[in-house]
Amino acid sequence: EDQVTQSPEALRLQEGESSSLNCSYTVSGLRGLFWYRQDPGKGPEFLFTLYSAGEEKEKERLKATLTKKESFLHITAPKPEDSATYLCAVKISNDYKLSFGAGTTVTVRA
Amino acid sequence: DAGVTQSPTHLIKTRGQQVTLRCSPKSGHDTVSWYQQALGQGPQFIFQYYEEEERQRGNFPDRFSGHQFPNYSSELNVNALLLGDSALYLCASSFRGNTEAFFGQGTRLTVV
């Protein structure tokens with residue numbers, strides 16, 4: 721069965737302390753890997769799509785990278801407003817659904 | 027440009043009742059997917075509607091049903107509510123199911 725695993729479950733950072741979140745996947749025929757940000761009680765907000773190993777995408781303090789088995793979301797010099805749960809999801813060939821990991825909850829203290 | 031909108035935002039129902047949730051997709055999108063998100067979990071796929079038909083379904087019982095209208099909006103119906111149906115219900119839209127999915131703010135359903 722396809723699996724998406726995110727680690728760590730929770731991450732507490734000091735403002736300015738850079739770190740990385742991991743999303744590992746065991747799927748056949750990856751068609752895309754997606755990162756979302758979710759604030760408490762809200763719907764996920766789309767961040768990035770990665771399609772092939774070696775691809776990188778950046779947005780403000782966030783950078784996502786993809787290998788054949790995992791993706792990393794790097795947060796550079798985070799600010800308190802970066803506090804959220806970050807969700808990773810995959811889509812595979814001949815399938816329309818997104819399969820999500822459980823998320824990493826990031827808390828950035830001032 | 028309005029994004030994905032869902033209604034209502036919160037709902038409290040009694041066990042055994044039926045509920046209908048509504049979703050309007052982002053402008054230019056024609057495909058709607060529904061997800062259930064329990065507390066502390068990632069969203070779980072319920073089903074996807076495209077061209078007014080259910081195109082794909084996840085591992086949810088027949089108590090969960092849906093509909094898509096000609097204007098691409100969609101409804102999710104849940105019959106015979108159970109306490110375990112309490113969750114955040116998310117609607118996501120995309121173009122033909124092949125582009126990035128954008129989510130609404132969700133409907134928080136509480137079954138008592």
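So the sequence lines, in the order shown, correspond to chains A and B.
Sequence positions in the first sequence follow my numbering and run 721 to 830.
Sequence positions in the second sequence follow my numbering and run 27 to 138.
Every residue gets a Cβ at the ideal spot worked out from N, C-alpha and C, and that includes glycine.
Since the structure is predicted, the reported quantities are computational estimates derived from the model, not experimental observations.
Using a Cβ-Cβ cut-off of 6 Å (strictly less than) and excluding sequence neighbours within five positions of residue i, which residues of its own chain qualify?
i	result
B/PHE90	ILE72 and VAL104
B/ALA127	ALA118 and SER120
A/THR825	ALA730 and THR805
A/HIS794	SER740 and LYS783
Which residues mark the beginning and the end of the beta strand (DSSP E) in which residue i is found?
i	result
A/ASN742	739-746
A/THR725	723-727
A/LEU784	One detail in the question is off: residue 784 of chain A reads as Ala in this sequence, not Leu. A/ALA784 -> beta strand (DSSP E) spans 782-786.
B/GLN44	No beta strand (DSSP E) contains B/GLN44, which DSSP labels as neither H nor E.
B/PHE71	70-76
B/GLY92	90-94
A/GLY752	750-758
B/ASN105	Segment: none, B/ASN105 is in no beta strand (DSSP E) and carries neither H nor E.
Mark residue i as exposed unless 16 or more other C-beta atoms lie within 10 angstroms of its C-beta, in which case mark it buried.
i	result
B/ILE38	exposed
A/ASP759	exposed
A/LEU786	buried
B/HIS55	buried
B/TYR142	An answer regarding residue 142 of chain B cannot be provided, because it is not within the stretch 27 to 138 covered by chain B.
A/LYS788	exposed
B/PHE95	exposed
Only counting the same chain, and skipping five residues up and downstream in sequence, which positions put a Cβ closer than 7 Å to that of residue i?
i	result
A/VAL828	LEU733, GLU735, PRO798, LYS799, PRO800, ASP802 and SER803
Closest to residue i by C-alpha separation, out of the options, would be which residue?
i	options	result
B/PHE121	B/GLY68, B/GLU101, B/PRO51 and B/GLN43	B/PRO51
B/LEU107	B/SER119, B/PHE86, B/ALA118 and B/PRO96	B/PHE86
B/THR136	B/ALA64, B/PRO96 and B/GLY29	B/ALA64
B/GLN44	B/ARG83, B/SER112, B/ARG81 and B/TYR98	B/SER112
B/TYR115	B/ASN124, B/GLN131, B/LEU109 and B/GLY123	B/GLN131
B/TYR61	B/THR125, B/LEU109, B/SER100 and B/ASN124	B/SER100
Excluding five sequence neighbours on each side, which residues of the same chain lie with their C-beta closer than 8 Å to the C-beta of residue i?
i	result
A/ASN814	GLY749
A/ARG757	PRO764, GLU765, LEU767, ALA804, THR805, TYR806 and LEU807
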